[in-house]
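Written below as structure tokens is the structure these notes are about.
See below:
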């Protein structure tokens with residue numbers, strides 16, 4: 001087994017890949033991969049351990065708690081900044097402005113009436129005028 005293969009086994013194992021898949025990918029016996037992993041502390045993956053989505057570092061999850069996906073705040077922030085398309089925004093609301101009649105979208109507030117602060121001021125203090133915005 002070459003040093004390059006050993007390094008590939010380490011990386012694949014930390015990503016959660018099994019012995020058989022590693023063996024097939026590197027054209028090595030799965031028993032060879034298994035014994036190498038056990039000798040180097042990469043043995044059986046714990047049921048409570050998960051790889052960090054950003055760096056691949058193993059995270060031990062505690063029973064009866066929400067499973068962790070990231071090893072640190074910096075990994076979490078980096079991953080979400082790189083994967084903005086994965087953000088599930090459920091609280092988008094469509095409204096029509098009570099002052100100017102323009103359609104607008106509000107995130108997180110299901111009680112909005114106005115598209116802007118200017119429309120709010122106009123409707124509250126100068127009834128009947130429309131906003132220039």
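In my numbering, the protein residues as written are 1 to 133.
Glycine included, each C-beta is placed from N, C-alpha and C at the ideal position.
- Message: Could you check whether the Cβ of residue 93 sits closer than 6 Å to any heavy atom belonging to the ligand FMN?
- Response: Ligands are entirely absent from the displayed structure, and the ligand FMN is therefore not among its contents.
- Please list, in chain order, all residues of the same chain as residue 69 whose beta carbon is under 6 Å from its beta carbon, the five residues on each side excluded. Stepping through the chain shown from its first residue, residue 69 is reached at position 69. Around residue 69: 53.
- Message: On the DSSP letters alone, give me the boundaries of the beta strand (DSSP E) that residue 70 sits inside.
- Response: Counting from 1 along the chain shown, the entry for residue 70 is found at position 70. It is not in any beta strand (DSSP E) - residue 70 carries neither H nor E in the DSSP assignment.
- Item | Contact under 7 Å by Cβ, residue 55 with residue 75 | As a working note, residue 55 is residue 55 in the chain shown. As a working note, residue 75 is residue 75 in the chain shown. The Cβ atoms of residue 55 and residue 75 sit closer than 7 Å to each other.
- Query: How should residue 13 be labelled, buried or exposed, when 16 other C-beta atoms within 10 angstroms of its C-beta is the threshold for buried?
  - Reply: One-based indexing of the chain shown puts residue 13 at position 13. Counting Cβ neighbours within 10 Å, residue 13 comes out buried, since at least 16 surround it.
- Task: With a 10 Å radius around its C-beta and 16 neighbouring C-beta atoms as the bar for buried, classify residue 125 as buried or exposed.
- Result: As a first step, residue 125 is located in the chain shown; it is residue number 125 there, counting from the start. With fewer than 16 neighbouring CB atoms inside 10 Å of its own CB, residue 125 falls in the exposed class.
- Between residue 106 and residue 123, is the Cβ-Cβ spacing less than 7 Å? Residue numbering aside, residue 106 sits at position 106 when the chain shown is read from its first letter. Residue numbering aside, residue 123 sits at position 123 when the chain shown is read from its first letter. Taking 7 Å as the Cβ cut-off, residue 106 and residue 123 do not qualify as a contacting pair.
- Item | Closest by C-alpha distance to residue 43, when choosing among 19, 3, 8 and 100 | Residue 43 sits at position 43 when you count from the first residue of the chain shown. Out of 19, 3, 8 and 100, 19 has the C-alpha closest to the C-alpha of residue 43.
- 6 Å Cβ shell around residue 67 - same chain, five flanking residues per side excluded: Counting from one through the chain shown, the residue named residue 67 turns up at place 67. The residues are 61.
- By how many angstroms is the C-alpha of residue 90 removed from the C-alpha of residue 38? Numbered from 1 along the chain shown, position 38 holds the residue referred to as residue 38. Numbered from 1 along the chain shown, position 90 holds the residue referred to as residue 90. Each residue's alpha carbon lies about 45 Å from the other.
- Go ahead and pull the three-state DSSP assignment for residue 2. For the purposes of this step, residue 2 is identified with residue 2 of the chain shown, where counting begins at 1. Of the three classes helix, strand and coil, the one that applies to residue 2 here is coil, per DSSP.
- Buried or exposed: where does residue 121 fall if 16 or more other Cβ atoms within 10 Å of its Cβ makes it buried? The residue labelled residue 121 in the question sits at position 121 within the chain shown. Classification for residue 121: exposed.
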